[in-house]
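Accompanying notes for the structure given below.
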Amino acid sequence: MSLDTISLSGRKKEVSNKKMSFLESLYIVAIAKGLVITIKHLFRRKVTIKYPEQKREFSPVYRGQHMLKRDELGRENCTACGMCAVACPAEAITMTAAERKKGEENLYREEKYASVYEINMLRCIFCGLCEEACPKDAIYLTESKVIVKSASNREDFIYGKDKLVMPLEMAIKNSKSIN
Amino acid sequence: MDSAIIIEKGIFITVIFAITMLMAMYSTWAERKVAAWLQDRVGPNRAGPLGLFQPLADGLKLFSKEEFMPDTPNKFLFILGPAISMSMALITSAVIPWGDTLEIAGSTVVLQATDIDVALLYVFAVLSTSVYGIMIGGWASNNKYSLMSALRASSQMISYEVAMGLSIIALIMMSGTLSLREMAAQQHGMNWNIFYQPVGFLIFLVCSFAETNRTPFDLAECEAELIGGHHTEYSSMKMGFYLFGEYAAMFISSAILSILYFGAYNYPGMDWMAENAGANIANILGIVVLFVKICFFIFFYMWIRWTIPRFRYDQLMNLGWKMLIPLAIANIVLTGIIIIIADKL
């Protein structure tokens, strides 16, 4: 095969510059062919997802908004070790550690917990390194299935524990499905 | 007696006016829907069910826009442009036979505003006047792009009018009348002109595309090269009149296409309907049939628009002068020979 007949895509066409015949120059045949192509598209199924009413399903590995997990008894996993903050390449995570008091055993799994845990969603690049770094299985990006919403000022993008911790209902559901 | 006719015609004309406006309004909606469907999209679907209130929203938007007047020495002509464009599109509907006759309360109502015996010439006269809407608007805008588009549009419309007139001569030779009503009556049942004049129909169709400034002949608007063409400087409702006039013209030209070549309000089995269901029902069905044909042609206009790109200017002129006109003349000669042979037999 010589070099100028090679066609990697298999769709190569030689362009010719020959003069059109009278019938061709009326464009009737070409237009009819085009009309057939477009009318086929009229009956094709539309792929549009009508967003606010319909939502596209996330893939199981989709990384969305973070979630601080609770265990099967509804206690927070996080021990405020700070591994996620160290691992974070965008330096989006900050936290303050606190000691668990007596009577709080049903809230926190271990003696130390995060009293403040904040992620700046403007800095976060959703790489999932915090998830990999966490020794306690406390933070996940794939669980919430929520996209971080837009807002009109920057302060609103700093998400605290109120938005990040797994809702109790979800924890109850998890514990039921285990039992 | 006289006042009764005036009232009857007045009501009829008002109804036709309203229907034309409604059709033009919903053509804008249909255009967007068809465009979307042909491109695998959904199209407007937010304003009302299926986006049916979209034309109202568009109209409201245009009304509430600022009325901008460019610094032009021809203020009067600037306003005259869209006015001509709109009124010429509407005037044509006067001679169109929308249906046969209806018997209402003992009197016969002719479903046509006026039946003049040179209706076809009237249509052509009005069509050739409509080029002035674009020309005057483009000239008075005091903008070189508008002027360029006005030049293009007028040369295009004048050259395609020649081919259009020639293509219709063969039809007139065959039918022997210029009255649209008689032409419609001659195509009784399934005896449509398209079967006798396919070439003439094709030429007429291509020329109507050019006359209504629709793609592939939309060199007047030509967003890619001339901003907005002749309505670059227009805003608010003056702009709306141009756009609306275009759609009204599309409706009227679809009506003329279906009356001249596709049997107007005639449909197969109309005699059977008239015998079994009464003349009124059969004629009402005829009106419905005419509107179905018109809607098909409006759809065809849109279908073509989203299939073929715009012609280059020299291609446009070549097609008009070197292809369509010789073809139309050949068609006239051929029709003449066949008519003579048919007479001899």
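Chains as they are written, first to last, in this note's numbering: chain A, 46 to 224; chain B, 5 to 349.
The beta carbon of each residue, even a glycine, is placed where N, CA and C say it ideally should be.
Euclidean distance between Cα positions of Asp275(B) and His192(B): Their backbone Cα atoms lie some 9 Å apart in a straight line.
Ile312(B) at chain A interface by Cβ criterion, 9 Å: Closer than 9 Å: yes.
CA nearest to the CA of Ser189(A), picked from Phe202(A), Pro105(A), Cys172(A): The residue with the shortest Cα to Cα distance from Ser189(A) is Pro105(A).
Cα-Cα separation, Lys37(B) to Leu71(A): Approximately 29 Å between the Cα atoms of the pair.
Under 8 Å from the C-beta of Arg36(B): neighbouring residues of chain A: Ordered by position in chain A, no residue passes the 8 Å Cβ test against Arg36(B), which lies about 14 Å from the chain.
Local conformation of Val293(B) per DSSP, three classes: Correct three-state label for Val293(B): helix.
Classification of Gln160(B) by the beta-carbon crowding that lies within 10 angstroms, buried from 16 upward: Label assigned to Gln160(B): buried.
Start and end residues, alpha helix (DSSP H) containing Met161(B): Met161(B) -> alpha helix (DSSP H) spans 148-179.
Chain-ordered chain A contacts of Gln43(B) [CB-CB under 8 Å]: Within chain A, the residues near Gln43(B) are His86.
Three-state secondary structure assigned by DSSP to Ala125(A): DSSP, reduced to helix, strand and coil, places Ala125(A) outside both helices and strands of the structure shown, so it counts as coil.
Heavy atom of the ligand GDP within 8 Å of Ser183(B) beta-carbon: Summarising the ligand content, the structure contains no ligands, and the ligand GDP is consequently not present.
Reduced DSSP secondary structure (H/G/I, E/B, other) of Glu155(A): Of the three classes helix, strand and coil, the one that applies to Glu155(A) here is coil, per DSSP.
Contact with chain A by Asn322(B), beta-carbon distance below 9 Å: Interface residue (Cβ-Cβ distance to chain A less than 9 Å): Asn322(B) is classified as such.
Residues near Leu67(B) by beta carbon distance below 8 Å, same chain, minus five either side: The question names Leu, but residue 67(B) in the sequence shown is Phe. Result list for Phe67(B): Ser240, Met241, Gly244, in chain order.
Contact the region 85-98 of chain B vs the region 129-141 of chain B: 3+ CB pairs below 8 Å: Put simply, the region 85-98 of chain B touches the region 129-141 of chain B. At least three CB pairs are less than 8 Å apart.
Met65(A) burial status per 10 Å Cβ neighbour count (16 or more: buried): Looking at its Cβ environment, which holds fewer than 16 other Cβ atoms inside 10 Å, Met65(A) is exposed.
With 16 other Cβ atoms within 10 Å as the buried cut-off, status of Met73(B): Met73(B) is classed as exposed because its beta carbon has fewer than 16 other beta carbons within 10 Å across all chains shown.
is_contact[Val193(A), chain B] using C-beta, thresh 9 Å: Judged by the 9 Å Cβ criterion, Val193(A) is not in contact with chain B.
Selected residue, minimal CA-CA separation from Tyr305(B), among Leu125(B), Ala259(B), Ala109(B), Lys65(B): Closest in alpha carbon position to Tyr305(B), among Leu125(B), Ala259(B), Ala109(B), Lys65(B), is Ala259(B).
Any C-beta of chain B under 9 Å from that of Lys91(A): By this cut-off, Lys91(A) is an interface position.
8 Å Cβ cut-off: residues of chain C touching Val46(B): The structure shown contains no chain C; the protein chains it does contain are A and B.
Ser111(B), enclosing beta strand (DSSP E) - first and last residue: Unbroken beta strand (DSSP E) run through Ser111(B): 111-114.
Rounded separation between Arg115(A) and Arg199(A) - CA only: Answer to the nearest angstrom: the Cα atoms are 29 Å apart.
As assigned by DSSP and simplified to three states, the class of Glu186(B): Residue state, collapsed to three classes: helix.
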